[in-house]
């Protein structure tokens, strides 16, 4: 573990935490343009966060300590995940802390705390949202694991740095299995990040909301932390998608000279990815809640097919 | 182009073929089914033409052309006309719900991949590993025929099965002799027209395209 490695790790994590709201703002901006509205400025998420941090928190009388503790936990989980996924440089000192399976576990931990906090107050909306979230996530998780397994089968390791290195440095080849896994990963990340067509991040309509129903009781700094964690989650998922399917440009270990290029490549990929997400959100309609299992079953199917096809065609 | 890329492209098209088979299993609307069937034909024709180009088997160009004209243009057009005439483009739930059908489909895929493994080792073609996909396409089309009760999806399932068989022939032995292929194409064409007439007749007699009515022997 070198001092540059530690510095780089710190820089990458801080960059992820700071850039995450901008990515959210960029997606919102693209959506507004595509829908013909005048777009909010790119820094709008920061302003919302600042406003929320300056407010006084209102907490229900029946709230247990868990309710206060959950936002910090969720934010910490997402920051941890952002530190593990290689966005700028590969093979940082922190990345052996968790492989892809443990990463899924970290996301699950954050989700469990969010659901518990939502049920803690005892309002109808909170438990409704928590239940729906659990329905969505228990279907999304196996699909996500299958996607990771497909990538792991190609690179013979579940460690993210090894996967990224194998996929980035290999000779160019068309992997049908990776194409399937990429589509499955997109479907899972849409579901996990509460975006259209699974959930609408902008709605407060009781029939449709999932994520918003869970955080209805939060205010001020707690809400700010959760919103920030949501942005961070989107950022981490985008970084994961980039690391698995478009890993070119991430700086290899012990090569700080490649960092400026890596930064430029990352920003470019995130800009394109965010615009693509906004486009997909604009052209697709929200699914009925009972169609969501079908959507996620399709993601699971694609991931499993990718794995099977890897055995048949690429082994 | 490097020969390895040919093989990769053929593999990609084969994977696409399998994906379209699953999409057909999940499709509730008849018009969507017809579009998917046309896409399956397109993928089939493209892969056949690619095999022809990379191996120099010229008769495969003719098969690709026949596939393109019959299964991508003529038959989908004919089916669209039937659907429009009979006004049957509604959401129809299959007998088994769709996630379950998909899971059964995955089991079928694993089964056919395993089944095809020893056979494809005996074959001498470059793309023998896609035989498993061809077999899976046949079985998935069969599954679609089983889970649908309406007449048009069943006919499309039958044709998708023929697509799978055609792909199996290409991947195992670089296609059947041209005479056989022409014969099969003609047979399928005739079958589609006969089935089309049947569909009109079923509609006339039972006022619906649900084949459940045909399970009764006597009229009412």
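Residue numbers (our numbering), protein chains in the order written: chain A, 173 to 487; chain B, 508 to 727.
Note that the Cβ used here is the ideal one computed from N, Cα and C, for glycine as well.
The structure displayed is predicted, hence computed values, not measured ones.
Would you please verify whether the beta carbon of residue i is less than 7 angstroms from any beta carbon of chain B?
i              : result
residue 308(A) : no
residue 313(A) : no
residue 481(A) : yes
residue 476(A) : yes
residue 175(A) : no
Would a check of beta-carbon distances place residue i closer than 7 angstroms to chain A?
i              : result
residue 522(B) : yes
residue 661(B) : no
residue 616(B) : yes
residue 622(B) : no
residue 629(B) : no
residue 603(B) : no
residue 497(B) : Since the first and last residues shown for chain B are 508 and 727, residue 497(B) lies out of range.
residue 515(B) : yes
residue 609(B) : yes
residue 684(B) : no
residue 626(B) : no
residue 539(B) : no
residue 710(B) : no
residue 728(B) : Since the first residue of chain B shown is 508 and the last is 727, residue 728(B) is not available in this structure.
residue 613(B) : yes
residue 508(B) : Here the model assigns residue 508(B) a pLDDT of 49, short of 50, so the residue's position is not dependable and the matter cannot be decided.
residue 558(B) : no
Which same chain residues, not among the five before or five after residue i, have their C-beta less than 7 angstroms away from its C-beta?
i              : result
residue 474(A) : 352, 355 and 356
residue 270(A) : 256 and 278
residue 592(B) : none
residue 508(B) : Note that residue 508(B) scores 49 on pLDDT, short of 50, meaning its location in the model is unreliable and no value can be drawn from it.
residue 129(A) : Residue 129(A) lies beyond the stretch modelled for chain A, which goes from 173 to 487, so this question has no answer here.
residue 703(B) : 585 and 589
residue 690(B) : none
residue 534(B) : 540 and 543
residue 457(A) : 369
residue 641(B) : 671, 674, 675 and 678
Given that residue i touches chain A, what residues does it touch there, using C-beta distances under 8 angstroms?
i              : result
residue 636(B) : 484 and 485
residue 533(B) : 466 and 470
residue 713(B) : Those within 8 angstroms of residue 713(B) in chain A number zero; the least Cβ separation is about 31 angstroms.
residue 519(B) : 346, 348 and 351
residue 606(B) : 465, 466 and 469
Within a Cβ cutoff of 6 angstroms, which residues of the same chain sit near residue i, ignoring the five residues on either side of it in sequence?
i              : result
residue 192(A) : 403, 404 and 407
residue 364(A) : 312
residue 495(A) : The shown model of chain A, from 173 to 487, leaves out residue 495(A), and the question about it has no answer.
residue 199(A) : 446, 449 and 450
residue 309(A) : 283
residue 205(A) : 211
residue 396(A) : 221, 224 and 225
residue 331(A) : 271
Chain B partners of residue i, CB-CB under 9 angstroms?
i              : result
residue 225(A) : The contacting residues do not exist; residue 225(A) stays about 43 angstroms from chain B at best.
Could you name the residues of chain B that residue i contacts, counting a contact when the two beta carbons are closer than 7 angstroms?
i              : result
residue 345(A) : 515
Using a cut-off of 9 angstroms between C-beta atoms, extract the partners of residue i located in chain A.
i              : result
residue 529(B) : 470, 473, 474 and 477
Using a cut-off of 7 angstroms between C-beta atoms, extract the partners of residue i located in chain A.
i              : result
residue 525(B) : 477
Quick check: does the Cβ of residue i come within less than 6 angstroms of any heavy atom belonging to the ligand ZN?
i              : result
residue 293(A) : Within the structure as shown, the ligand ZN is missing, as the structure has no ligands at all.
Got a sec: is the Cβ-Cβ distance from residue i to anything in chain C below 7 angstroms?
i              : result
residue 237(A) : Looking at the structure shown, chain C is missing, and the protein chains on hand are A and B.
Beta-carbon within less than 8 angstroms of residue i's beta-carbon, same chain only, minus the 5 sequence neighbours each way: which residues are those?
i              : result
residue 713(B) : 720 and 721
residue 179(A) : none
Exercise. Between the stretch 621-629 of chain B and the stretch 652-666 of chain B, do at least 3 Cβ pairs fall closer than 8 angstroms?
Worked result: no
Exercise. Can you give, in chain order, each stretch of the alpha helix (DSSP H) that sits fully within the stretch 543-580 of chain B and has at least 4 residues?
Worked result: 566-574
Exercise. Is the stretch 437-445 of chain A touching the stretch 278-288 of chain A, taking contact as three or more C-beta pairs under 8 angstroms?
Worked result: no
Exercise. Quick one: complete alpha helix (DSSP H) runs, 4+ long, within the stretch 310-342 of chain A?
Worked result: If you keep only unbroken alpha helix (DSSP H) runs of at least 4 residues inside the stretch 310-342 of chain A, you get 332-341.
For this session: Please go through the stretch 639-718 of chain B and give each complete alpha helix (DSSP H) segment of 4 or more residues, from N-terminal end onward.
Result: Considered as a whole, the stretch 639-718 of chain B harbours 658-680 and 685-713 as its complete alpha helix (DSSP H) runs of no fewer than 4 residues, in chain order.
For this session: Would you be able to state if there are at least three C-beta pairs under 8 angstroms between the stretch 327-340 of chain A and the stretch 378-398 of chain A?
Result: No, because fewer than three Cβ pairs between the stretch 378-398 of chain A and the stretch 327-340 of chain A fall closer than 8 angstroms, the two stretches do not touch.
Exercise. With contact counted as at least three CB pairs below 8 angstroms, one residue from each stretch, are the stretch 538-556 of chain B and the stretch 611-619 of chain B in contact?
Worked result: no
Problem set entry | alpha helix (DSSP H) runs wholly inside the stretch 338-393 of chain A, at least 4 long, in chain order | 348-364 and 383-386
Exercise. Using 8 angstroms as the Cβ pair cut-off and three pairs as the minimum, do the stretch 304-316 of chain A and the stretch 280-294 of chain A touch?
Worked result: yes
For this session: Let me know the alpha helix (DSSP H) ranges lying completely inside the stretch 214-280 of chain A, each 4 residues or longer, listed in chain order.
Result: 216-226 and 237-256
Problem set entry | the stretch 664-683 of chain B touching the stretch 520-536 of chain B, judged by at least three CB pairs closer than 8 angstroms | Cβ pair count under 8 angstroms is three or more, so yes.
For this session: Specify whether the stretch 633-641 of chain B and the stretch 573-582 of chain B touch according to this definition: at least 3 beta carbon pairs, one from each stretch, less than 8 angstroms apart.
Result: no
Problem set entry | Secondary structure, alpha helix (DSSP H): runs of 4+ residues fully inside the stretch 419-473 of chain A | 431-455
Exercise. Is the stretch 291-300 of chain A close to the stretch 245-261 of chain A, with three or more CB pairs under 8 angstroms?
Worked result: no
Exercise. Does the stretch 358-372 of chain A touch the stretch 209-226 of chain A, meaning 3 or more C-beta pairs lie closer than 8 angstroms?
Worked result: no
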